[in-house]
Amino acid sequence: MQSTTAPASGQTQDSSAHPSGDKRFKVLDVTMKRSQYRQDALIEVLHKAQEAFGYLEDDVLMYVARNLKLPLSKVYGVATFYHLFSLKPAGRHNCVICLGTACYVRGGDKVLAALEEQTGIHSGETTPDGLVSLVTARCVGACGIAPVVVYDGKMAPQQTAESSVEKIKQWQAE
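So this is what it looks like as structure tokens:
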């Protein structure tokens, strides 16, 4: 049954009634309401969306754009500019290879090449079985222990192609 009464002038419609009925949208509603639907809260809202959904799927980006009264192109632009946002589902395990200057000159590029060969995917992709996602970072801020790889949020110092492949093999054997 559809309501025939329009909201009174100056009132906002209840945006929590997402057509899918997915309760995770209520988390976004709370975040947007707390920021008074300000457009400058976009990054905070996108972080909350990724936390709730695991990644930023198209309907989530459209929902945020509509509720913050922003063009979808602006929301998409912000989501694709920052490397912490993902438009695809992540694997069960996440592997971030630092390619900052210190890590690169100490073999970060070789670590990445070995991991890509072992997994059969490239940076920014997830294995077809959904087990591993490979991501590169410009710098993780641990230059003194380069090259660094972050496995499931835990920083591993002085990685080699062999040590990183061994970690992936452990995940694959689980």
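With this note's numbering, you'll find the sequence shown wraps up at 507, consecutive numbering, no jumps.
All C-beta atoms in this analysis are idealised placements derived from N, C-alpha and C, irrespective of residue type, glycine included.
When rounded, the separation of the alpha-carbon atoms in Lys356 and Leu417 is 24 Å.
In the assembly as shown, Ser353 is an exposed residue. Its beta-carbon has fewer than 16 other beta-carbons within 10 Å. Exclusion of the five residues before and after Pro480 leaves Cys436, Arg439, Gly440, Gly441, Val444 and Gln492 as the residues of its chain whose Cβ lies within less than 6 Å of its Cβ. A straight line joining the alpha-carbon of Tyr484 with that of Leu401 spans about 35 Å. In this model, His351 and Phe358 are separated by some 7 Å (Cα to Cα). One Cα belongs to Gly463, the other to Lys381, and the distance between them is close to 23 Å.
Boundaries of the beta strand (DSSP E) around Leu467: Val465 to Ala470. In the same chain as Val429, and ignoring 5 residues on each side of it, the C-beta atoms closer than 6 Å to its own belong to Val468, Ala470 and Val483, in chain order. Approximately 7 Å separates the beta-carbon atoms of Leu448 and Val498; this is inside 8 Å, confirming the contact. Assignment of Tyr484 by DSSP, reduced to helix, strand and coil, places it in the strand class. Annotation for Ile430: the continuous beta strand (DSSP E) segment containing it runs His426 to Cys431.
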